[in-house]
Amino acid sequence: MTLTDTTGKRQLFECIFKESIAPAFFLVFPLDDIPQDIDQTKQCPLVSRDRGNNTVSFLAEIEAVNKNHVFELIAKKSIRPEDLREYFRVDLRTHIAVRFYSQQNGEESLEWELAGETVDISQSGVLAFFPDECQDKHPIEIELSLVNPAETIFCTGHIVRTKRVRKNHWLTSFHFDEISSRSRDAIAMNCFSEQRRQIREKVETAR
-12 MTLTDTTGKR QLFECIFKES IAPAFFLVFP LDDIPQDIDQ TKQCPLVSRD
38 RGNNTVSFLA EIEAVNKNHV FELIAKKSIR PEDLREYFRV DLRTHIAVRF
88 YSQQNGEESL EWELAGETVD ISQSGVLAFF PDECQDKHPI EIELSLVNPA
138 ETIFCTGHIV RTKRVRKNHW LTSFHFDEIS SRSRDAIAMN CFSEQRRQIR
188 EKVETAR
């Protein structure tokens, strides 16, 4: 669950879903990780899984907070996959490769290829470091080596922006143009896993 505090900063929290009378529902947060200073006027994006294990993404509004750690919410609308990056992206380091194939005499020919490391990832895009500048051509083939669960996925996309931050370090963001539902679900599962790991690490550090 992504919540916004009173300073406007968005934070990710792990919580448990409890059913209520639709479209209302409850989210129960761990007692040792209760969100503080939450702006209850802001809509909250939620990424979860339904009974069929499919990814479900929607916006909700906070109706009430009970016992300081139980939030009552009302589901408002679903989120388009292309909008998910704004709401749900996770810092995740893994291998990425991008490449461009040109058409020559009706056949594909590899024109260039770069390998790098991701900075953050979502179901609709990825931010990564590369040792050189990616040429702004499309469609660019994107290969991601997901880690938990382990799976290599392929999709196509285009460059949103690129910036040289220091020698041999280019920060480049991509938007996914063509990606299968299976690949989106694999990314979501990795994001959930990494989010849980980061929350556990934060709790252990605070002890």
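Here the sequence shown is numbered in this note's numbering, starting from -12 and rising by one per residue. All C-beta atoms in this analysis are idealised placements derived from N, C-alpha and C, irrespective of residue type, glycine included. Bear in mind the structure is a predicted one, so any value in this text is a computation, not a measurement.
Among residues of its own chain, excluding the 5 on either side of residue i, which ones have a beta-carbon nearer than 6 Å to its beta-carbon?
i, result
"Glu59", "Phe13, Glu50, Ala51"
"Ile186", "Glu1"
Looking only at its own chain, which residues have a Cβ that is under 8 Å from the Cβ of residue i, when we skip the five neighbours before and after it?
i, result
"Cys31", "Met(-12), Thr(-11), Leu(-10), Thr(-9), Leu46, Ala47, Glu48, Ile49, Leu60"
"Gln27", "Ile49, Val52"
Please identify the residue among the options whose C-alpha is closest to the C-alpha of residue i.
i, options, result
"His156", "Pro17, Ala102, Ser7", "Ala102"
"Arg184", "Leu18, Asp24, Val77", "Val77"
"Cys121", "Glu138, Arg148, Cys142", "Arg148"
"Ser160", "Arg(-3), Gln(-2), Val85, Thr(-6)", "Val85"
"Glu138", "His145, Glu130, Gly144", "Glu130"
"Ala175", "Gln27, Glu165, Ser111, Lys29", "Ser111"
"Thr(-7)", "Asp24, Leu97, Cys178", "Asp24"
"Glu100", "Ser109, Phe87, Asn135, Ile108", "Phe87"
"Phe179", "Ser44, Asp19, Glu165", "Ser44"
"Phe117", "Leu133, Lys154, Asp19", "Lys154"
"Pro136", "Ile166, Leu97, Ala173", "Ala173"
Under DSSP, the beta strand (DSSP E) around residue i begins and ends at which residues?
i, result
"Gln(-2)", "-3 to -1"
"Phe12", "11 to 15"
"Arg86", "82 to 91"
"Cys142", "137 to 153"
"Asp107", "94 to 108"
What does the alpha-carbon distance come out to for the pair residue i and residue j?
i, j, result
"Ile83", "Ile8", "43 Å"
"Ala62", "Lys(-4)", "22 Å"
"Ile127", "Asn53", "48 Å"
"Gln182", "Leu(-1)", "8 Å"
"Asn92", "Asp119", "29 Å"
"Val57", "Arg169", "33 Å"
"Arg150", "Asp123", "Note on residue identity: the sequence assigns Lys, not Arg, to residue 150. Those two C-alpha atoms are separated by around 12 Å."
"His162", "Leu33", "21 Å"
"Thr81", "Leu18", "32 Å"
"Glu94", "Val113", "29 Å"
Label residue i either buried or exposed according to how many other C-beta atoms from any shown protein chain fall within 10 Å of its C-beta, with 16 as the threshold for buried.
i, result
"Leu71", "Its pLDDT being 48, under 50, Leu71 is placed unreliably by the model, and the measurement read from it follows with that caveat. Burial call: buried."
"Arg171", "buried"
"Ser89", "exposed"
"Val152", "exposed"
"Glu6", "exposed"
"Phe141", "exposed"
Going along the chain, which residues of its own chain have a beta-carbon closer than 7 Å to the beta-carbon of residue i, five neighbours each way excluded?
i, result
"Ala115", "Ile83, Gly103, Glu104, Thr105, Val106, Thr159"
"His125", "His145"
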